DNA sequence: AATTTATATGAATGTATGCTCATATAGTCA
DNA sequence: TGACTATATGAGCATACATTCATATAAATT
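Chains as they are written, first to last, in this note's numbering: chain A, 85 to 203; chain B, 85 to 203.
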């Protein structure tokens, strides 16, 4: 407990809990990486792409047709997912087949599904 | 395979994969709910709050002190998390103690941790 | 080499959102 | 009741970002 107002200068602070939290805290780089993957999955287009890629690899055109979106939009989002190594691709002639490239994605999707189907 | 250009009018579409994806597709409401939780966890402030609330309940001031943020900012984010039922609170006098309110959050955090600690 | 196909990418734009600042409210204590 | 504490909330601003449109590139085909 300290003195004065605004921004925690005079509020009741439970030092024990705060220092306990500090000990268990994620490193900045860990927060950053975790955030990026959650943020990636927090967009409907990207989430649907990742969900669709479970089980089968698909080309940009497949995904665009499936989602009723432009190929450009899908390509942009696949780029985002690629940068995060969440997806990877394989070329066959002119076609690029995309697949999931991170085992954790499937795990996260599974937990999310349990969440949305009543939680 | 169809005819003409742009936005999947003339591209190679693997009908089988597309229809297969359609069958396994999440319902719109499921996509929406899953997206919201991922988006919620995709912000550094909120992620750190959720992480901190694992194990111990904390008041707004504790969290603000812990994160070095304004109480207002924390309160705004707690509101977001509350709306999604990811956290809940308990009043003790003037102090509101926040806690996690969704078992899936811990699961998601655990998977995310595995992800960031090399995956 | 020229065309066509499948995809990538850059710029522009509109919208979403995280924070700040100011103010409001619920509970406590004098 | 009035002052104070802990938190909530609304408006405003500045940034982030998802999509579109136009254009570029890589492989295949002629």
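By construction, the Cβ of each residue, glycine as well, lies at the ideal position given by its N, Cα and C atoms.
From a predicted model like this one, the values you see are computed outputs, not experimental measurements.
- prompt: Would a check of beta-carbon distances place residue 29/A closer than 8 Å to chain B?
  reply: No answer is possible for residue 29/A: the residues shown for chain A start at 85 and end at 203.
- prompt: Where do the ends of the beta strand (DSSP E) carrying residue 173/B lie?
  reply: 171–176
field: Beta bridge counterpart(s) of residue 142/B as assigned by DSSP
entry: 182/B
- request: Compare the beta carbon distance of residue 136/A and residue 105/B with 8 Å and say whether it is the shorter of the two.
  value: The Cβ-Cβ distance between residue 136/A and residue 105/B falls below 8 Å.
query: So, using beta-carbon positions, are residue 197/A and residue 185/A closer together than 8 Å?
result: no
task: Compute the Euclidean distance between the alpha carbons of residue 202/B and residue 192/A, then round it to the nearest angstrom.
output: 16 Å
query: Are residue 146/B and residue 97/A touching if we call contact CB-CB under 8 Å?
result: yes
query: First and last residue of the alpha helix (DSSP H) that includes residue 116/B?
result: 112–125
field: Length of the line joining the Cα atoms of residue 100/B and residue 141/A
entry: 11 Å
query: With 8 Å set as the bound, which would you pick, yes or no: does the beta-carbon of residue 172/A sit closer than that to a beta-carbon of chain B?
result: Not an interface residue.
task: Compare the C-alpha of residue 190/B against each of 161/A, 190/A and 199/A and name the closest.
output: 199/A
- prompt: Is residue 124/A closer than 8 Å to residue 165/A when the C-beta atoms are compared?
  reply: yes
- prompt: From the beta carbon of residue 160/A, is the nearest beta carbon of chain B less than 8 Å away?
  reply: no
task: State yes or no: is the C-beta of residue 115/B within less than 8 Å of the C-beta of residue 128/A?
output: Result yes, Cβ atoms of residue 115/B and residue 128/A sit closer than 8 Å.
C-beta atoms of residue 188/B and residue 195/A nearer than 8 Å: yes
- prompt: DSSP three-state call for residue 130/A: helix, strand or coil?
  reply: helix
- prompt: Helix, strand or coil: which one does DSSP assign to residue 195/B?
  reply: helix
field: Burial state of residue 94/B (16 or more Cβ within 10 Å)
entry: Counting Cβ neighbours within 10 Å, residue 94/B comes out exposed, since fewer than 16 surround it.
- request: Assign residue 117/A to one of two classes, buried (16 or more other C-beta atoms within 10 Å of its C-beta) or exposed (fewer than that).
  value: Buried.
field: Classification of residue 152/B by the beta-carbon crowding that lies within 10 angstroms, buried from 16 upward
entry: exposed
query: Where do the ends of the alpha helix (DSSP H) carrying residue 158/A lie?
result: 155–167
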